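Take a look at the structure below.
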Amino acid sequence: MIIMIAAVAENNALGKNNELVWHLPNDFKRFKFLTTGHHIIMGRKTFESFPKPLPNRTHVVITRNKNYNPEGCIVVDSIEKAISICPENETSFIIGGGEIYNLGLQFADQLEITRVHHSFDADAFFPEINSGDWKEIQSEFNPIDEKHQFAYTYQTFVKV
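The working numbering puts the sequence shown at residues 1474 to 1633.
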């Protein structure tokens, strides 16, 4: 199963200048819980936005740069190759960025979205979720609190 996981603003913003534009500690914990022990597929810029590789996950990095070879990562040049090297009988995650989400949407079986209830100035965006292709099966609203400046909703979509 291929799951796309993302935190997405009301205007589909993902981030700006290769950084998130909000801080939601509970979403980081959820991301870690869901993706630990799995293959995670990402673009080069997303990989480079991490201070170091994420522990206990197999990193699959997509880039056109033939000389790119970060230690401990599998490097491929297409979304199709990234998906093909993931174990078929296990869950793998597409984790961004914007271009990779656009390419990966057709291959995804499920979407795990954290909808941030705010709009942001951004330069990377998540593709539009077409209600004819996706059905929301779960939703959990989380209000603003002392650690979260923005309200957010965890949403799970499955392909129709």
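All C-beta atoms in this analysis are idealised placements derived from N, C-alpha and C, irrespective of residue type, glycine included. None of these values were measured; they are calculated from a predicted model.
List the endpoints of the continuous alpha helix (DSSP H) containing Arg1503.
Looking up residue 1503 in the sequence shown gives position 30. Taken as a continuous stretch (DSSP letters only), the alpha helix (DSSP H) holding Arg1503 covers 1498 to 1508.
Could you pull out every residue in the same chain whose Cβ sits closer than 6 angstroms to the Cβ of Tyr1580, ignoring the five residues on either side in sequence?
In the sequence shown, the residue the question calls residue 1580 occupies position 107. Residue identity check: residue 1580 is Phe in the sequence provided, not Tyr. Within the same chain, Phe1580 has close Cβ partners Ile1475, Ile1556.
Alpha carbon of Phe1504 to alpha carbon of Tyr1625, nearest angstrom
By one-based count along the sequence shown, residue 1504 stands at place 31. By one-based count along the sequence shown, residue 1625 stands at place 152. The C-alpha of Tyr1625 is placed about 14 angstroms away from the C-alpha of Phe1504.
State the start and end residues of the unbroken alpha helix (DSSP H) segment that holds Lys1525.
Translated into positions along the sequence shown, residue 1525 becomes position 52. Neither: Lys1525 is in no alpha helix (DSSP H) and is coded neither H nor E.
Taking the Cβ atom as the reference point for each residue, do Ile1478 and Glu1585 lie within a distance shorter than 8 angstroms?
Mapped onto the sequence shown, residue 1478 falls at position 5. Mapped onto the sequence shown, residue 1585 falls at position 112. In this structure, Glu1585 lies closer than 8 angstroms to Ile1478 by Cβ.
For Gly1605, count neighbouring C-beta atoms within 10 Å of its own C-beta (all shown protein chains included) and say buried if the count is 16 or more, exposed if not.
Indexing the sequence shown from 1 puts residue 1605 at position 132. Gly1605 should be labelled exposed.
May I ask you to check if the CB of Thr1508 is nearer than 7 angstroms to at least one heavy atom of the ligand GDP?
Among the components modelled here there is no ligand, and therefore nothing to report on the ligand GDP.
Would you call Gly1510 buried or exposed, if buried means 16 or more other Cβ atoms sit within 10 Å of its Cβ?
Here residue 1510 refers to the residue found at position 37 when the sequence shown is read from its first residue. The residue in question, Gly1510, is exposed, as its Cβ has fewer than 16 Cβ neighbours within 10 Å.
Whole-angstrom distance between Ala1480 and Ser1701, CA atom to CA atom
Because the chain spans 1474 through 1633 in this model, residue 1701 falls outside it and cannot be assessed.
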